[in-house]
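Numbering (UniProt numbering), first residue to last: 1 to 99.
In structure tokens form, the structure reads like this:
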């Protein structure tokens, strides 16, 4: 696969926010905004994940990230997709009020 195509060279970004509660009482929210510099990589390439976290709840949050390879096979008009976790990392604890 040629990873030098415009689609695979474009950056990928995502944001997610989760409201946290304790016994049905709102406790704040945790949000993350993450980005990688491109979509396509070759084996052995370094993948740098840039992420910003915000923790406004009273709990300590531990950020985690995983690189998942998704393989899509097409044969005879049928498609099969296999996912494989290649790597995962854990970050430092984020206490309440940190970003």
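Think of the CB as a built atom: it goes at the ideal place given N, C-alpha and C, for glycine as much as any other residue.
Measuring straight from C-alpha to C-alpha, what distance separates residue i and residue j?
i	j	result
residue 83	residue 67	10 Å
residue 70	residue 80	10 Å
residue 14	residue 52	11 Å
residue 47	residue 11	12 Å
residue 93	residue 35	20 Å
residue 41	residue 7	12 Å
residue 63	residue 55	11 Å
residue 86	residue 29	29 Å
Taking residue i as part of the beta strand (DSSP E), name the residues at either end of that continuous run.
i	result
residue 63	No beta strand (DSSP E) holds residue 63; DSSP gives it neither H nor E.
residue 56	It is not in any beta strand (DSSP E) - residue 56 carries neither H nor E in the DSSP assignment.
residue 87	78-90
My assumption, with CB atoms under 8 Å, is that residue i sits in contact with residue j. Please give the rounded CB distance.
i	j	result
residue 114	residue 95	Coverage of the chain is limited to positions 1 through 99, which leaves residue 114 absent and any answer about it impossible.
Start-end ranges of the alpha helix (DSSP H) lying completely within the region 4-35, minimum 4 residues: 6-9
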